[in-house]
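Structure first, commentary second.
Protein chains: 2
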Amino acid sequence: MKKASVISVGNELLDGQTVDTNAAFLGSELLCLGIPVTRRFTVGDEIDGIVRMLALACQEADFVLVTGGLGPTADDLTRQALAAFLGVELELRQDLLGQIKAFFDSRGRAMPQVNAIQAHIPAGTEAIPNDLGTAPGILARREGKVIAIMPGVPFEMRQMFGQSVVPVLREACSGQVVVVQRLRCFGEGESAIAERIGPAMQRGRNPLVNCTVDHGVVTLHVVATSDEPGKARRMADQEVESLRARLGPLVFGTGDQTLAQVVGNRLATSGKTLAVAESCTGGLTAKILTDVAGSSRYFTCGWVAYSNTAKARELGVPTGLLDTYGAVSEQVASAMAQGARHRAHTDYAIGITGIAGPAGGTAERPVGLVFISIDGDGGTTTERFRFAGDRDSVRWRTAQTALNMVRLRLGL
Amino acid sequence: MKKASVISVGNELLDGQTVDTNAAFLGSELLCLGIPVTRRFTVGDEIDGIVRMLALACQEADFVLVTGGLGPTADDLTRQALAAFLGVELELRQDLLGQIKAFFDSRGRAMPQVNAIQAHIPAGTEAIPNDLGTAPGILARREGKVIAIMPGVPFEMRQMFGQSVVPVLREACSGQVVVVQRLRCFGEGESAIAERIGPAMQRGRNPLVNCTVDHGVVTLHVVATSDEPGKARRMADQEVESLRARLGPLVFGTGDQTLAQVVGNRLATSGKTLAVAESCTGGLTAKILTDVAGSSRYFTCGWVAYSNTAKARELGVPTGLLDTYGAVSEQVASAMAQGARHRAHTDYAIGITGIAGPAGGTAERPVGLVFISIDGDGGTTTERFRFAGDRDSVRWRTAQTALNMVRLRLGL
């Protein structure tokens, strides 16, 4: 089985200024290609160090994936280090220079002189297109090893990896078939889900089941490996079926679907609409819904009714309710959802009120207390939650839980 | 200057199941002790691999900090690897066994037999107390190098590091002082800022100036090193002063301040309030503003006026403007800001309309075209932007730029 090493370049990674999410992304993606990452090296912006890590990584693996250090400034030294490692010179590529200039032109700006360095790549290597930024990547081959250098900016790296590096890796490991399927779950934590699926997550199994968690969404990655495409596919399908049977409605989607996409798809295809009235989440729920391109088909309006005045004035929440039960109450959450649906003339509306913290909690209404209400044709459903974690976690869990309630309401 | 290497052990790190926040924590803590981390290695749960990484790390640095692989199960192999690296045997320490048994006793449970392995450490090394879990750490000294092995569980590692490892490191590098200051900038890209500050970012300088970018915010890290505390402080101060002079109003803050914090602080201290009416950012602007704890002092209400109907009904944008100029226009952005300020009775309001993409662009109104308006006592200012990148980038750049416009309007 072919193996990969990942090199992350950047002083900001060593200093702890930036958490290296690129390396985790590559580890997970490569595993799904059937290429385990066996070593990871992190090095600062210094030519000698990068050269040494390239040499080590090439000893350890068949594929070496490098991120970072392709920027235009004096501390971006990865392309120089690759040239030194390969024992060649950097060459100015006029076509790349033209592309970089065009990138700035399209934004009505002149190319700063420093960016010209990004048009240089080591002699004998290939440029990898960057559709989202100015720095092309670099692909080098040496003694049967493939070295791919990508930018450190996560969205540029991810796009470049998927579009241009994955095909190269796939070709280099032909003969081995890996089928990956993902199940996306919401509603229980990682360990509760691990308990439900029993021994499926044991290492060394085939199919392998890996688990990652992001903002409350637990993703199970089913990786089936075989030398026969049909067999790998069947193994993955069977495993997915068995996991679905154990997890029931905790599974909301497959692949990289988000809760907002699953809810949005159903609303769009059934011609239904949704509004949001949120307090403690402060716009996050609307933000997540509108992360989905095309969400204007079903999402029309949101209110961030942060003050009591705004709740009453914009959503018609009776001031009597606010006075009697307090802003963080089941009654106010329901009235917010009903008010939003009424004003926006939508089929469904979400109402959210809670205490995100760190301040504002009391013994009766502690930080993390949240009420979420869904109003629709079938009536109003309101639930009470007590979420753990800091302000950011409470807000994310609240918004995601609201979308999950809409999903269940839609029968998904 | 003494240097450190960090080794992170665990298959879950290589697979991308777990993002390595321990390494970032250690990098940041060590830098503040004046001990830069110059290399980081990540390796799976395998004895040979860990031994090789220990050898490499000892070549590269004076201090080697290792996290992970101290658990009680068969795949936890760091203590065995350390023994192999040192060429000694593991020894059962009765005192450690007693502590582990006491840990379980205090929770009313018998010690599972597997945990006995955690009472073993390599001959000639010291145990590091673990107040929060069962696995003691291990401190080894070899040829002038210090190796500290800590658990991978973040809260156990952090407590052990602060309580027992920091004193050892401090003693080993008395005499060296490092002062770090950060300047936070917004309004130009990394390369334009690098051009403005000229040679300040050259490698090998002291103070060293590093640059990181996150969601359009460029952070300059000034790291001054000396054997004299007063001198390091003066060097850092002088560098910061010189950078500020070159960057002018691009600098909005220091440390880890965000645009939302800087704007929020000023609004709070001056008793002013802010509302937001946003379309293409879909709630993100309100979300960023309310990321700040205590933002309810100045942020009262937000509208996500996604449909034209919502813009007219909720914010009073004249339908004539929407028909004549289109929803994505200077006129509609201004009317949104004015409508929000009027309805919410705030001192300031933001209006945002644009095309986040990927669909919806035309030759005249391409993806990334955004109008941002600020309404306040001094009148309404509206600017036109063309942002690059995908939907997420366009939305982030838009929201941050809106906050930056408020900052400049507040004279910050």
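Going down the list, the sequences are from chains A and B. Its first residue numbered 1, the first sequence is counted upward by one per residue in this note's numbering. Its first residue numbered 1001, the second sequence is counted upward by one per residue in this note's numbering. Virtual Cβ for every residue (Gly too), placed ideally from N, Cα, C.
{"query": "Cutoff 6 Å; reference Val1051 (chain B); Cβ partners in own chain excluding five residues on either side", "result": "Ala1081, Ala1084, Phe1085"}
{"query": "Chain A within 9 Å of Cys1301 (chain B), Cβ atoms only", "result": "yes"}
{"query": "Within chain B, the residues that Asn206 (chain A) reaches when beta carbons sit closer than 7 Å", "result": "Per Cβ cutoff of 7 Å: no residues; Asn206 (chain A) is ~15 Å from chain B at best."}
{"query": "Validate contact between the stretch 1295-1308 of chain B and the stretch 287-304 of chain A using beta carbons, cut 8 Å, 3 pairs", "result": "yes"}
{"query": "Spatial neighbours of Gly187 (chain A) in its chain, beta-carbon cut-off 7 Å, leaving aside the 5 residues before and after", "result": "Leu250, Asn404"}
{"query": "Closer than 9 Å to chain B by CB, Leu267 (chain A)", "result": "no"}
{"query": "Asp75 (chain A) versus Val1209 (chain B) - alpha carbon distance", "result": "9 Å"}
{"query": "Pair within 9 Å by beta-carbon distance, Ser1334 (chain B) and Gly1351 (chain B)", "result": "yes"}
{"query": "Inter-stretch contact at 8 Å, needing at least 3 Cβ pairs: the stretch 262-277 of chain A / the stretch 213-226 of chain A", "result": "no"}
{"query": "Run of the beta strand (DSSP E) containing Ala1084 (chain B), from where it starts to where it stops", "result": "Ala1084 (chain B) -> not in any beta strand (DSSP E); alpha helix (DSSP H) instead, spanning 1078-1086."}
{"query": "Buried or exposed (CB count within 10 angstroms, at least 16 for buried), Asp291 (chain A)", "result": "buried"}
{"query": "Partner residues on chain A for Glu1314 (chain B), Cβ-Cβ distance less than 7 Å", "result": "Cys301"}
{"query": "Whole alpha helix (DSSP H) elements within the stretch 257-282 of chain A, 4-residue minimum", "result": "259-270"}
{"query": "Gln958 (chain B) versus B:Leu1247, B:Ile1288, B:Gly1133, B:Val1276, residue with shortest Cα-Cα distance", "result": "Because chain B here runs from 1001 to 1412, residue 958 (chain B) falls outside it and cannot be looked at."}
{"query": "Backbone CA spacing between Leu1183 (chain B) and Ser1373 (chain B) [nearest angstrom]", "result": "27 Å"}
{"query": "Neighbouring residues, chain B, relative to Gly368 (chain A) (Cβ below 8 Å)", "result": "Correct list: empty, because the minimum Cβ distance to chain B is about 14 Å."}
{"query": "Cβ-based neighbour list, Gln257 (chain A), same chain, cut-off 8 Å, excluding 5 preceding and 5 following", "result": "Arg184"}
{"query": "Beta carbon of Asp62 (chain A) nearer than 9 Å to that of Lys101 (chain A)", "result": "no"}
{"query": "Where Ala119 (chain A) falls: helix, strand or coil (DSSP)", "result": "helix"}
{"query": "Exposure of Arg942 (chain B), with buried meaning 16 or more beta-carbon neighbours within 10 Å", "result": "As displayed, chain B neither begins before 1001 nor continues past 1412, which places residue 942 (chain B) out of reach and without an answer."}
{"query": "Val165 (chain A): CB within 8 Å of a non-hydrogen atom of the ligand FMN", "result": "Among the components of this structure there are no ligands whatsoever, and the ligand FMN is therefore not found."}
{"query": "Contact list for Asn11 (chain A) against chain B, beta-carbon separation under 7 Å", "result": "Asn1210"}
{"query": "Contact list for the stretch 140-171 of chain A against chain B, Cβ threshold 7 Å", "result": "Phe155"}
{"query": "Contacts that Lys287 (chain A) makes with chain B (C-beta to C-beta distance below 7 Å)", "result": "Gly1282, Gly1283, Leu1284, Lys1287"}
{"query": "Close-in-space but distant-in-sequence residues of the same chain around Gly339 (chain A) (CB under 7 Å, 5 per side omitted)", "result": "Ala277, Leu315, Gly316, Val317"}
{"query": "Residue nearest to Met1 (chain A) in terms of C-alpha spacing, selected from A:Val37, A:Ala337, A:Val370", "result": "A:Val37"}
{"query": "Of the residues B:Asp1048, B:Glu1091, B:Ala1055, B:Gly1282, the one placed nearest Ser296 (chain A), counting alpha carbons only", "result": "B:Gly1282"}
{"query": "Min CB distance Pro318 (chain A) to chain B below 9 Å", "result": "no"}
{"query": "Proximal residues of chain A, C-beta to C-beta of Gln1202 (chain B) below 7 Å", "result": "Ala74"}
{"query": "In DSSP terms, what Ser1005 (chain B) is bridged to", "result": "B:Arg1039, B:Val1064"}
{"query": "Buried or exposed (CB count within 10 angstroms, at least 16 for buried), Pro207 (chain A)", "result": "buried"}
{"query": "Same chain, Cβ closer than 6 Å to Arg384 (chain A), five either side skipped, listed in chain order", "result": "Phe371"}
{"query": "Rounded distance between the beta-carbons of Gly1027 (chain B) and Gly16 (chain A), thought under 8 Å", "result": "3 Å"}
{"query": "Inter-residue Cα distance where the pair is Lys1311 (chain B) and Ser1279 (chain B)", "result": "9 Å"}
{"query": "Selection of the stretch 75-108 of chain A by Cβ proximity to chain B, strictly under 7 Å", "result": "Asp75, Arg107, Gly108"}
{"query": "Bounding residues of the alpha helix (DSSP H) (the contiguous stretch that carries Glu29 (chain A))", "result": "21-32"}
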